[in-house]
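Comments concern the structure below.
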Amino acid sequence: MSSKRQAAVLAFSIAMAVLSPPAEAASSDQLENAPAFMALCQILRQCQKSFDAPQDTEATAAAAAFKGILAAEHLASTNDTYVSEKIAAEVDGLQKALKPLPQNEAGLKARHLNNETVEKARAAKKTVDDAAQAIATDTAAANALLIEAITGDGKLSDPADDGAGYFTATNAAKMFGSEANNNQNCGETGTGDGSNSRNVGITLVSDLFCLCVRGSTWNKKVCHKSATTEATGSSNYDNSASHNANAYAAFIQKCSKRLKPVTPASLGAAVAAYNSQIGALAWNISSNHDDAGYIVGYAHAGNTGCTGPDSQVCVNYKSLLEKSDATAIPWQVKIGQAIDKLPSNAVVQEIKAGTQTLAHMNLTVWQIYYSALSQTATQVDHSPKLLDSKKFEENK
Numbered sequence: 436m437s438s439k440r441q442a443a444v445l446a447f448s449i450a451m452a453v454l455s456p457p458a459e460a461a462s463s464d465q466l467e468n469a470p471a472f473m474a475l476c477q478i479l480r481q482c483q484k485s486f487d488a489p490q491d492t493e494a495t496a497a498a499a500a501f502k503g504i505l506a507a508e509h510l511a512s513t514n515d516t517y518v519s520e521k522i523a524a525e526v527d528g529l530q531k532a533l534k535p536l537p538q539n540e541a542g543l544k545a546r547h548l549n550n551e552t553v554e555k556a557r558a559a560k561k562t563v564d565d566a567a568q569a570i571a572t573d574t575a576a577a578n579a580l581l582i583e584a585i586t587g588d589g590k591l592s593d594p595a596d597d598g599a600g601y602f603t604a605t606n607a608a609k610m611f612g613s614e615a616n617n618n619q620n621c622g623e624t625g626t627g628d629g630s631n632s633r634n635v636g637i638t639l640v641s642d643l644f645c646l647c648v649r650g651s652t653w654n655k656k657v658c659h660k661s662a663t664t665e666a667t668g669s670s671n672y673d674n675s676a677s678h679n680a681n682a683y684a685a686f687i688q689k690c691s692k693r694l695k696p697v698t699p700a701s702l703g704a705a706v707a708a709y710n711s712q713i714g715a716l717a718w719n720i721s722s723n724h725d726d727a728g729y730i731v732g733y734a735h736a737g738n739t740g741c742t743g744p745d746s747q748v749c750v751n752y753k754s755l756l757e758k759s760d761a762t763a764i765p766w767q768v769k770i771g772q773a774i775d776k777l778p779s780n781a782v783v784q785e786i787k788a789g790t791q792t793l794a795h796m797n798l799t800v801w802q803i804y805y806s807a808l809s810q811t812a813t814q815v816d817h818s819p820k821l822l823d824s825k826k827f828e829e830n831k
């Protein structure tokens, strides 16, 4: 056999080894749901990281400028003792090299101008503070909705990634819904009209359990080679024991945390990536392909639904998405509400404009202060001086 033909045969053999699953591998044991798991976990990680409040640096700059204006206000007092005490204490950043304004026309005019500017600055600072508070409030509300998309309760957190912060008996109904079970949460049949699938898509955690955790038997490699499914009997829906937390932790710890800032665009892209998994494995089922068009994950038979056996580990969104007046997946609705709740660009621009105004005022009050000192230092008295009477007699 020629060397070229040998190389071609070897290349073909390698390709077949990569593309063909091992003969001994069983269905639902070949990471069929790994793409959907990775897409879902990236959404979950972004929701956990949440949005940053915009323009924090602008608010900080506004506070610094206003502090400089307050310092100039102290110097505008006509009480030199008060001013000297403030300078000595370095209040609001006053430096000890500064001194009271002179008690002359230039000094009095500077005091008047600076006091007027300070009053305008207070109004500008209040506008900035009110806008910053609105941004903080709206961002916090948006972030609570993101956490609600994960667990059903926007107040929960799980910084240790061990599930302890999420899986509590009191939160089970919010996380999994009422009368929770495999049929209700994962989608009972391919023809499901919703009557037996009321909890489908209720939270990200619920869908994660349908895709990766629950199976008739345990230790199936549906989503990850080491984080495996658990028997349905041990991962119940009432969070009464630690089984659910442990199962969740096994998977979420295989999902990288989000390091970059979360934006509406990044979340939208992550949701789109997950939605591209809907119906993606329809070609791989053995029957009723048409009924698998709304399924995410592995389903051996399209019309059986995602009932939990190892050949039906999936989420069936048909009851939500098939109708002409289709309702969106609930956790995606929460994410959309969170994005809508974010502060508008107009509010952000209001902070930016207010900060620029305060920076200009800060520069102005100090220009006025130093101008008054400069005028006093260079002022020459041109008034006529009377000669001393003794000198007058001597010069006669």
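Numbering (the numbering used here), first residue to last: 436 to 831. Even for Gly, the Cβ is constructed at its ideal location relative to N, Cα and C.
Taking just the CA atoms, how far does residue j sit from residue i?
{"i": "residue 774", "j": "residue 577", "result": "7 Å"}
{"i": "residue 811", "j": "residue 515", "result": "16 Å"}
{"i": "residue 382", "j": "residue 598", "result": "What the structure shows of the chain is the stretch from 436 to 831, and residue 382 is not part of that stretch, so it cannot be assessed."}
{"i": "residue 749", "j": "residue 776", "result": "31 Å"}
{"i": "residue 459", "j": "residue 646", "result": "Because the pLDDT of residue 459 is 33, which lies under 50, any placement of that residue in the model is unreliable, and the number read from its coordinates should be weighed accordingly. Roughly 23 Å between the two C-alpha positions."}
{"i": "residue 595", "j": "residue 753", "result": "35 Å"}
{"i": "residue 674", "j": "residue 681", "result": "11 Å"}
{"i": "residue 606", "j": "residue 471", "result": "25 Å"}
{"i": "residue 484", "j": "residue 691", "result": "12 Å"}
{"i": "residue 604", "j": "residue 611", "result": "11 Å"}
{"i": "residue 499", "j": "residue 466", "result": "55 Å"}
{"i": "residue 526", "j": "residue 504", "result": "12 Å"}
{"i": "residue 642", "j": "residue 666", "result": "16 Å"}
{"i": "residue 513", "j": "residue 693", "result": "56 Å"}
{"i": "residue 855", "j": "residue 778", "result": "For residue 855 there is no data in the structure shown, the boundaries of the chain being 436 and 831."}
{"i": "residue 672", "j": "residue 588", "result": "16 Å"}
{"i": "residue 529", "j": "residue 522", "result": "6 Å"}
{"i": "residue 558", "j": "residue 495", "result": "17 Å"}
{"i": "residue 802", "j": "residue 784", "result": "27 Å"}
{"i": "residue 636", "j": "residue 763", "result": "9 Å"}
Out of the options, which has the shortest C-alpha to C-alpha gap to residue i?
{"i": "residue 718", "options": "731, 706, 688", "result": "731"}
{"i": "residue 833", "options": "537, 480, 487", "result": "A query on residue 833 cannot be resolved here, the shown segment of the chain reaching from 436 to 831 and no further."}
{"i": "residue 683", "options": "622, 701, 801, 586", "result": "586"}
{"i": "residue 799", "options": "484, 507, 472, 488", "result": "507"}
{"i": "residue 488", "options": "575, 564, 710, 471", "result": "575"}
{"i": "residue 616", "options": "606, 634, 785, 604", "result": "634"}
{"i": "residue 687", "options": "813, 707, 658", "result": "658"}
{"i": "residue 482", "options": "638, 671, 757", "result": "638"}
{"i": "residue 795", "options": "555, 491, 517, 609", "result": "555"}
{"i": "residue 661", "options": "689, 644, 584, 678", "result": "689"}
{"i": "residue 534", "options": "708, 644, 590, 520", "result": "520"}
For residue i, I'd like the list of residues in its chain whose CB is within less than 7 Å of its CB, leaving aside the five on either flank, ordered along the chain.
{"i": "residue 782", "result": "566, 569, 570"}
{"i": "residue 697", "result": "481, 484, 485, 486"}
{"i": "residue 591", "result": "582, 600, 601, 606"}
For residue i, which residues from the same chain have a beta carbon less than 6 Å from its beta carbon, with the 5 sequence-adjacent residues on both sides left out?
{"i": "residue 593", "result": "600, 601"}
{"i": "residue 511", "result": "546, 549, 550"}
{"i": "residue 631", "result": "618, 623"}
{"i": "residue 563", "result": "497, 786, 789"}
{"i": "residue 581", "result": "482, 485, 773"}
{"i": "residue 493", "result": "786, 787, 790"}
{"i": "residue 560", "result": "501"}
{"i": "residue 461", "result": "Confidence is the limiting factor: at residue 461 the pLDDT is only 47, short of 50, which leaves the residue's position unreliable and the question unanswerable from this model."}
For residue i, which residues does DSSP report across the bridge?
{"i": "residue 730", "result": "751"}
{"i": "residue 649", "result": "665"}
Enumerate in chain order the residues of its own chain whose CB-to-CB distance from residue i is below 8 Å, with the five nearest sequence positions on each side excluded.
{"i": "residue 705", "result": "474, 477, 478, 481"}
{"i": "residue 448", "result": "With a pLDDT of only 32 at residue 448, under 50, the local geometry of the prediction cannot be trusted, and the value read off the model is given with reservation. Once the five neighbours on either side are set aside, residue 448 has no close Cβ partner at all."}
{"i": "residue 813", "result": "none"}
Consider the C-beta atom of residue i and the heavy atoms of the ligand NAD; say whether any pair is separated by less than 7 Å.
{"i": "residue 541", "result": "Of the ligands one can find in the structure shown there are none, so the ligand NAD has no counterpart to examine."}
Whole runs of the alpha helix (DSSP H) within the stretch 495–546, excluding any shorter than 4 residues: The DSSP assignment places complete alpha helix (DSSP H) segments of no fewer than 4 residues inside the stretch 495–546 at 515–524, in order along the chain.
At which residue ranges does the stretch 667–720 contain complete alpha helix (DSSP H) runs of 4 or more residues, listed in the order of the chain? Entirely contained in the stretch 667–720, the alpha helix (DSSP H) runs reaching 4 residues are, in chain order, 678–687, 699–710.
Alpha helix (DSSP H) runs contained entirely in the stretch 591–619, provided each spans 4 or more residues: Segments of the alpha helix (DSSP H) lying fully in the stretch 591–619: 607–611.
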